[in-house]
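Before any comments, here is the structure.
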Amino acid sequence: MSGLCGWLGASDESITVMAAPLARFDAAPLQACSSPGGAVAVAAGEGCGHLHQHGDLLIAVWGRPVLDASSVGVAQRLAPLWLARGAAACAALCGEFALAILDGASGQLLLAVDRAGSYPLAYARHAQGVCFASSHDAMLAQPGMRGALDPQALYHYLFFHMVPAPGTAYLGWQRLLPGEYLHVRAGTQCKGSYWSLAFQENTIATFASRQQAFLHTLRLAVESSLGGAAERTGAFLSGGTDSTTIAAIVGQVTGTGARTYSIGFDAPGYDEMDYARLAAAHAGCVHHEYYVTADDVLAAIPAMAAVFDQPFGNASAIPAYYCARMARDDGMTRMLGGDGGDELFGGNERYARQALLSRYERLPAMLRQGLIEPLLFRQGVARPSRLGDKARSYIGQATMALPARLESYNLLQRYGHRTVLEDGFLETIDPGMALACLNSAWWQRPERKLSQINALLALDMRFTLADNDLPKVRKACELAGVEAAFPFLHDAMVAFAASLPPGDKLSGMQLRPFFKQALAGILPKAIVRKKKHGFGLPFGLWLQSHAPLREFAFDNLAQLRQRGIVRPGFIDDLQGRLLLEHPAYHGTMVWILMMLEQWLSAHARGFAAGSAAAATETPCVLDPTA
8 MSGLCGWLGA SDESITVMAA PLARFDAAPL QACSSPGGAV AVAAGEGCGH
58 LHQHGDLLIA VWGRPVLDAS SVGVAQRLAP LWLARGAAAC AALCGEFALA
108 ILDGASGQLL LAVDRAGSYP LAYARHAQGV CFASSHDAML AQPGMRGALD
158 PQALYHYLFF HMVPAPGTAY LGWQRLLPGE YLHVRAGTQC KGSYWSLAFQ
208 ENTIATFASR QQAFLHTLRL AVESSLGGAA ERTGAFLSGG TDSTTIAAIV
258 GQVTGTGART YSIGFDAPGY DEMDYARLAA AHAGCVHHEY YVTADDVLAA
308 IPAMAAVFDQ PFGNASAIPA YYCARMARDD GMTRMLGGDG GDELFGGNER
358 YARQALLSRY ERLPAMLRQG LIEPLLFRQG VARPSRLGDK ARSYIGQATM
408 ALPARLESYN LLQRYGHRTV LEDGFLETID PGMALACLNS AWWQRPERKL
458 SQINALLALD MRFTLADNDL PKVRKACELA GVEAAFPFLH DAMVAFAASL
508 PPGDKLSGMQ LRPFFKQALA GILPKAIVRK KKHGFGLPFG LWLQSHAPLR
558 EFAFDNLAQL RQRGIVRPGF IDDLQGRLLL EHPAYHGTMV WILMMLEQWL
608 SAHARGFAAG SAAAATETPC VLDPTA
């Protein structure tokens with residue numbers, strides 16, 4: 008995966024020092040250039056690094072960008088666009104990319120990331136100007152950069168299991184959101200969106216015409232993702248609808264079976280290999296399998312914590328890594344993932360659940376507040392019963408406003424943040440900021456009257472996809488030494504999905520009806536009917552049965568006790584009573600805390616909440632409103 012980095016401003020430092028961390032996992036070749044006004048470097052594999060210098064004008068693009076339907080010479084062809092259009096030049100780029108343009112003559116900097124946010128880019132002020140990089144470790148390698156951890160970011164990690172953008176793990180550093188740019192000019196900064204997801208909710212077209220357009224766009228997206236290297240491109244195959252679709256279309260585009268790679272687990276309720284085999288046989292794939300063991304998990308944890316720039320708690324990164332490594336060992340250099348299909352076409356079960364909860368709001372207020380709620384919630388009125396408990400749970404969630412009710416099952420909220428976290432740590436953070444992040448993303452849509460399903464999809468494109476799913480796959484692939492690509496996130500596919508009417512994504516309680524109907528015959532019926540699963544990890548169960556993994560996890564929790572973040576009493580309860588009661592459920596929190604300690608050990612060994620290192624840094628944040 009590698010990345011790009013650089014700075015705007017005078018400096019005597021060598022750009023190669025800052026760029027060294029970019030290729031620490033995949034040894035990608037480095038390109039760099041500098042001028043008196045700044046420097047930039049890009050480390051990338053074949054076709055993913057683009058660099059151009061003309062005097063004091065430096066342009067670097069990392070990824071697979073497209074400009075005027077071509078990916079050839081993108082950096083050089085951006086130069087006249089920049090001179091003619093300034094910051095608006097980034098809107099001409101399509102594809103997957105992170106962009107940096109440094110104009111030393113005018114003292115300007117333009118940073119931008121692609122529309123899905125699949126390539127990250129962070130930035131912060133430093134002594135001479137502005138520093139930027141796709142890797143936080145590259146930022147820290149720049150002499151003079153201050154890198155104090157942000158306790159609020161650590162809280163967000165414990166809440167969301169990742170740190171949502173525009174935040175980072177470090178005070179005063181920010182990341183660009185999907186489709187966003189930063190323009191620095193004459194001492195002022197402007198941050199804005201050059202693109203936003205625009206839904207067309209009243210499209211009128213026959214099913215046949217929509218299906219034809221969909222299949223054409225899907226083939227175009229897959230062909231683009233193959234990038235002329237089909238013989239060295241494999242596909243993740245979980246046996247779900249999205250990965251099965253990609254594998255099938257690869258076969259249609261290339262005329263030969265896709266090379267697919269699947270992960271299984273020898274654990275009841277977690278193994279989906281039968282569905283992957285069914286999908287592979289149906290599409291004529293050249294199929295490969297690997298069963299991940301508890302020993303594999305134990306071996307991969309330290310490297311997985313190290314490869315992420317900030318704490319990351321999605322445990323399925325481990326099986327994704329072993330899947331990508333299997334493909335690399337088979338000669339693959341690129342892997343296609345089905346990520347984005349759920350968020351574009353309505354595939355997550357919570358979309359149907361939210362629709363069901365919203366039905367309660369449509370009941371007359373007199374009925375809700377005058378009869379149903381008093382009957383169920385007044386003390387002494389409601390009799391304990393399983394049906395009554397379900398009704399109270401339903402109404403309790405239904406009366407919460409979106410998007411907050413999406414977190415009604417949030418693990419940290421279920422435990423209670425005062426039960427989990429030390430008082431000293433809580434004094435340094437605002438627990439309400441987590442839901443404020445959700446609310447900010449929910450209401451910052453240009454379409455204020457979206458249907459609920461499209462509003463949820465827009466939120467998930469920003470949160471679930473850009474901050475969770477894509478980093479999981481990209482970092483797992485980076486660690487394995489292969490590139491990741493996502494056909495569903497091709498610009499034409501995103502635009503097509505946004506043009507579909509809401510009923511094509513959720514009809515009653517039926518998820519993605521158009522997608523399933525349009526792919527009838529391509530998708531096996533058993534896969535269309537199955538519940539969503541993916542590469543889930545049976546970590547909680549293995550904690551009970553695999554002593555070395557349990558000892559490793561508990562040793563990390565013992566180290567975390569010393570950092571002043573989590574209450575020792577909660578850790579005791581988690582390791583004892585709670586894990587015995589429900590290993591799979593409470594094992595998730597063990598994983599989250601273990602990975603936090605692993606990340607801190609790799610990136611911030613001396614951190615302790617309330618310590619001088621954590622508290623004395625003064626944030627210096629670029630003002631997007633200036």
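Numbering (my numbering), first residue to last: 8 to 633.
Glycine residues also receive a C-beta, built at the ideal position from the N, C-alpha and C atoms.
All figures in this text were calculated on a predicted structure; none of them were measured in a lab.
With a contact defined as Cβ atoms closer than 8 Å, Thr263 and Arg341 miss out at about 16 Å.
For Gln60, the enclosing beta strand (DSSP E) begins and ends at Gly56 to His61. Nearest to Ala274 by C-alpha distance, out of Gln83, Thr300 and Thr252, is Thr300. Note that the region 512-527 does not touch the region 231-246; fewer than 3 beta-carbon pairs, one per stretch, sit closer than 8 Å. Counting only residues of its own chain and dropping the five nearest sequence neighbours on each side, Gly136 has a CB closer than 7 Å to the CB of Trp14, Leu15 and Gly16.
Excluding its 5 nearest sequence neighbours in each direction, Gly594 has C-beta neighbours in its own chain below 7 Å: Phe546, Gly547, Leu550 and Leu586, listed in chain order. Residue range Pro590 to His610 is occupied by the alpha helix (DSSP H) that includes Ser608.
Per the C-alpha coordinates, the member of Asp281, Phe493, Leu409 and Leu518 positioned closest to Tyr358 is Leu518. With 16 or more neighbouring CB atoms inside 10 Å of its own CB, Met596 falls in the buried class.
A straight-line Cα-Cα distance of about 7 Å links Leu116 and Arg192. Of the other Cβ atoms in all chains shown, 16 or more fall within 10 Å of the Cβ of Lys198; this residue is therefore buried.
Under the Cβ criterion (8 Å, minimum of three pairs), the region 160-175 does not count as touching the region 29-43.
Listed as beta-bridge partners of Phe272 by DSSP are Val299.
In this structure, the alpha-carbon of Gly353 lies about 34 Å from that of Glu53. Counting the other CB atoms within 10 Å of its CB gives Gly194 a total below 16, which places it among the exposed residues.
Just so you know, the alpha carbons of Ser447 and Pro494 end up roughly 28 Å apart. Distance from Ala609 to Ala313 at the Cβ level is roughly 4 Å; contact confirmed, criterion being Cβ atoms closer than 8 Å. Non-local C-beta neighbours of Leu445 in its own chain, meaning closer than 8 Å and more than five positions away in sequence, comprise Pro410, Ala411, Leu413, Glu414, Leu466 and Phe470, ordered along the chain. In this structure, the CA atom of Ser506 is about 13 Å from the CA atom of Ser216. Beta-bridge pairing by DSSP links Val170 to no other residue. Proximity to Gly62 across Val304, Asn417 and Gly111 peaks at Gly111, based on C-alpha coordinates. Close CB contacts of Cys292 within its chain, under the 6 Å cut and outside five residues either way in sequence, are with Ala254, Gly264, Ala265 and Thr267 (chain order).
Comparing C-alpha distances from Asp346 to each of Val501, Glu296, Gly377 and Tyr277 shows the shortest one belongs to Val501. The beta carbons of Lys539 and Gly348 sit no closer together than 8 Å. Annotated three-state conformation of Asp474 is helix, per DSSP.
At a Cβ-Cβ threshold of 8 Å, Asp437 and Pro171 do not count as neighbours. Within its own chain, the residues whose Cβ lies closer than 8 Å to the Cβ of Asp33, once the five positions on either side in sequence are excluded, are Met8, Ser9, Gly52, Glu485 and Gly488, listed in chain order. With respect to Leu184, Gly124 sits close: the two C-beta atoms are nearer than 8 Å. Ser141 and Ala119 have their alpha carbons spaced roughly 11 Å apart.
Looking at the DSSP output, Asp121 bridges to nothing. Among the bridge pairs identified by DSSP, Met333 is matched with none.
Taking every protein chain shown into account, the CB of Gln376 has fewer than 16 other CB atoms within 10 angstroms, so this residue is exposed.
Annotated three-state conformation of Leu11 is strand, per DSSP. Per DSSP, reduced to three states, the secondary structure at Thr261 is helical. The Cβ atoms of Gly571 and Ala615 lie closer than 8 Å to each other. In this structure, DSSP gives Lys198 an extended state, which the three-state scheme calls strand.
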